[in-house]
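Chemist: Under my numbering, the residue at position 30 of the sequence shown is numbered 36, and the numbers go up by one with no gaps. In this text, a Cβ means the ideal position worked out from N, Cα and C, and glycines have one as well. Fair warning: this is a prediction, and the values are worked out from it, not measured in the lab.
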Amino acid sequence: MPHRGSHKARDAWIDVRFAEVTLKSPQRFRSGPSITVWAVYVREQAFKTVKSPIEWMLLTTVEVRTFQEAQKRVEWYSGRWGIEVYHRTLKSGCRIKDRQLETADRLETCLGVDMVVAWRIYYLTMIGRERPELPCTVFFKEIEWKALCCYVNKTPVPPEKPPSIGQVVFMVAGLGGHLGRKGDGFPGTQSLWRGLLQWYAATKMYAILTQQHYPHPMQSGP
Numbered sequence: 007m008p009h010r011g012s013h014k015a016r017d018a019w020i021d022v023r024f025a026e027v028t029l030k031s032p033q034r035f036r037s038g039p040s041i042t043v044w045a046v047y048v049r050e051q052a053f054k055t056v057k058s059p060i061e062w063m064l065l066t067t068v069e070v071r072t073f074q075e076a077q078k079r080v081e082w083y084s085g086r087w088g089i090e091v092y093h094r095t096l097k098s099g100c101r102i103k104d105r106q107l108e109t110a111d112r113l114e115t116c117l118g119v120d121m122v123v124a125w126r127i128y129y130l131t132m133i134g135r136e137r138p139e140l141p142c143t144v145f146f147k148e149i150e151w152k153a154l155c156c157y158v159n160k161t162p163v164p165p166e167k168p169p170s171i172g173q174v175v176f177m178v179a180g181l182g183g184h185l186g187r188k189g190d191g192f193p194g195t196q197s198l199w200r201g202l203l204q205w206y207a208a209t210k211m212y213a214i215l216t217q218q219h220y221p222h223p224m225q226s227g228p
């Protein structure tokens, strides 16, 4: 189970059961047709000893005939939290609903860019959380992490070696309002998208002062 709020990431052993069921129409709509669905029931084995145990009853119109198919449906459902965070970033961070572009073609083009931006913010959040020991160069260019370190540490001299991606995530999130206290947990996408706005401005200024060319981040990978 991934980290969520105050709940730490953990491994869980679960039991999975599935069956084909028929749902009859409600009492008020007896004339309506019955619906055939597949029920997948998931329950954590340590149900009585875990504070917030896993217990899901999933109903799907996609056939479930084997355990492997049931496992796949559970995997689909378990990804919904990441999908929700991604769409929240797209909606609130990129503010796609505020776009006033008049035509569908313009909106579609802008949405294509915003979707990549939202994905990169979500990717940065997750890689910093799951693999904090990796060097920050897996995401940031040299000029970017050096500018960030100088800006955060208020020094004109950047470190010789790049910090880890976990350290950089906390730096960026700090610019976005994350206080980094013991009980604050790991930064989320909201503090990161706010911090990245300041980080970009700081990097542009650093490039000017050091006489380096710095293209827009969207032109760089990964």
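(1) Using the Cβ count rule (16 or more neighbours within 10 Å means buried), how would you classify S197?
(2) At a cut-off of 7 Å, is G186 close to the ligand ZN when judged by its beta-carbon and the heavy atoms of the ligand?
(3) Can you check whether the CB of T195 is closer than 8 Å to the CB of Y128?
(4) Apart from the five residues on each side of it in sequence, which residues of its chain come closer than 8 Å, Cβ to Cβ, to L232?
(5) Give me the Cβ distance between V43 and T72, rounded to the nearest whole Å; I'm assuming they're in contact under 8 Å.
(6) Taking only beta-carbon positions, decide if L154 is within less than 8 Å of chain C.
(7) On the DSSP letters alone, give me the boundaries of the alpha helix (DSSP H) that A123 sits inside.
(8) Short check: CB of C155 to CB of P141, under 8 Å?
(9) Buried or exposed for L130, please, with buried defined as at least 16 other CB atoms from any protein chain shown within 10 angstroms of its CB.
Modeler: Reading off the structure:
(1) With a threshold of 16 other beta carbon atoms within 10 Å, S197 meets it and is buried.
(2) Absent from the structure shown: the ligand ZN. Ligands present: none.
(3) yes
(4) Residue numbering for the chain in the displayed model covers 7 to 228; residue 232 lies beyond these limits and cannot be assessed.
(5) The pair is not a contact, with the Cβ atoms about 17 Å apart (cut-off 8 Å).
(6) Checking the listed chains, one finds no chain C in this structure; it contains a single protein chain.
(7) The question names Ala, yet the displayed sequence has Val at residue 123. A110 to E136 is the span of the alpha helix (DSSP H), which, as asked, contains V123.
(8) no
(9) Counting Cβ neighbours within 10 Å, L130 comes out buried, since at least 16 surround it.
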